[in-house]
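What follows is one structure encoded as structure tokens, with my remarks underneath.
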Amino acid sequence: MRAPGRHRYSFALASLAASRQRGFTLLEVMLVLLLMGLAAGYVIFNAFSTDPSEQLEREARRLQVVIDMASDYAVLNQQQLGIYIDQENRTYSFMQLSNEDEWQFMEGNTLYEPVTLTEPFFFTLNLDDLPWQTEDRLFDREMFDSSLSVNEQDIEIGEEEAPPPPPQILIMSSGEITPFSLVFHYEPEFTNDLPAYYVLNCQDMPPLELLGPLERPEWD
Numbered sequence: 006m007r008a009p010g011r012h013r014y015s016f017a018l019a020s021l022a023a024s025r026q027r028g029f030t031l032l033e034v035m036l037v038l039l040l041m042g043l044a045a046g047y048v049i050f051n052a053f054s055t056d057p058s059e060q061l062e063r064e065a066r067r068l069q070v071v072i073d074m075a076s077d078y079a080v081l082n083q084q085q086l087g088i089y090i091d092q093e094n095r096t097y098s099f100m101q102l103s104n105e106d107e108w109q110f111m112e113g114n115t116l117y118e119p120v121t122l123t124e125p126f127f128f129t130l131n132l133d134d135l136p137w138q139t140e141d142r143l144f145d146r147e148m149f150d151s152s153l154s155v156n157e158q159d160i161e162i163g164e165e166e167a168p169p170p171p172p173q174i175l176i177m178s179s180g181e182i183t184p185f186s187l188v189f190h191y192e193p194e195f196t197n198d199l200p201a202y203y204v205l206n207c208q209d210m211p212p213l214e215l216l217g218p219l220e221r222p223e224w225d
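Residue numbers for the sequence shown, in this note's numbering: 6 to 225.
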């Protein structure tokens, strides 16, 4: 009968020999795991500790891309779309004109779901006196406002659910977009960070132009 101590000793030698044949020791494995942990921690740290100005840029660039995609969608599907900007609540929502000529929020597609900026970010919308506007511009705002605005006479007083407000920015099936300038703000009050601004401009047709970071809005 083989002694238990000798059996354990033989098993340890066999395990050590096998590990050497594989080319990795316990110390090497622990070192690799340590390096992997440090690398993962570095990635996570950089993902969640971004500069506020970079976060603001991501918000502005996201809207830039989605508007370009919405314009393509409107042309391909021959549908009138719009964007409602709620400056007070820092939210923008995509809308579509129904067959009954009523504006409705777009549903069923996560790409066009409402987006709310987190504090301390906010935005301001400018539709008038844009620096690039001329008398021969493509977009006739008065014509589209009269043809696509909500008819207040069709709204019955006492309805349980009021219709949503019409969009300030129209995305037409012709490819035209309401000229606008949307300024994304970061104006810290209780930190030493410098303020930052990104400006999203549209001149009748896509693609949109994104400027920034700026030290102040263009029209200041």
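All C-beta atoms, glycine included, are put in the ideal place defined by N, C-alpha and C.
Model, not experiment: these values are computed from the prediction.
Item                                                                                                       : Value
CB-CB length for Leu-116 against Val-188, believed under 8 Å                                               : Rounded, the Cβ-Cβ distance is 23 Å, inconsistent with contact.
Inter-residue Cα distance where the pair is Asp-134 and Glu-112                                            : 33 Å
Own chain, CB closer than 7 Å to Leu-215, minus 5 neighbours either side, in chain order                   : Ala-65, Arg-66, Gln-69, Tyr-203 and Leu-205
Inter-residue spacing [alpha-carbon to alpha-carbon] between Asp-209 and Pro-125                           : 30 Å
Whole-angstrom C-beta distance between Ala-79 and Ser-178, which should lie under 8 Å                      : 5 Å
Proximity of Gly-180 and Ser-76 at Cβ, strictly below 8 Å                                                  : yes
For Leu-219 and Ala-201, the rounded distance between their alpha carbons                                  : 6 Å
Limits of the unbroken alpha helix (DSSP H) element including Asn-82                                       : 57–82
Three-state secondary structure (DSSP) of Leu-199                                                          : coil
Beta-carbon spacing of Gln-85, Leu-130 below 8 Å                                                           : no
Distance between Thr-123 and Pro-193 (C-alpha atoms, nearest Å)                                            : 13 Å
Identity of the residue in Pro-168, Phe-195 and Leu-175 nearest Glu-105 by Cα                              : Pro-168
Three-state secondary structure (DSSP) of Thr-183                                                          : coil
Buried versus exposed call for Gln-101 [16 or more other C-beta atoms within 10 Å across all chains shown] : buried
Rounded distance between the beta-carbons of Phe-99 and Ile-88, thought under 8 Å                          : 6 Å
Beta-carbon proximity list for Pro-170, same chain, < 7 Å, skipping 5 on both sides                        : Tyr-89
Range covered by the beta strand (DSSP E) that runs through Leu-135                                        : No beta strand (DSSP E) contains Leu-135, which DSSP labels as neither H nor E.
Burial state of Glu-62 (16 or more Cβ within 10 Å)                                                         : buried
Closest Cα partner of Gln-109 within the set Pro-57, Phe-127, Thr-121 and Pro-172                          : Pro-172
Minimum C-alpha distance to Glu-58 - residue among Pro-119, Tyr-97 and Phe-127                             : At residue 58 the sequence reads Ser, which differs from the Glu that was named. Ser-58 has its Cα closest to that of Phe-127, out of Pro-119, Tyr-97 and Phe-127.
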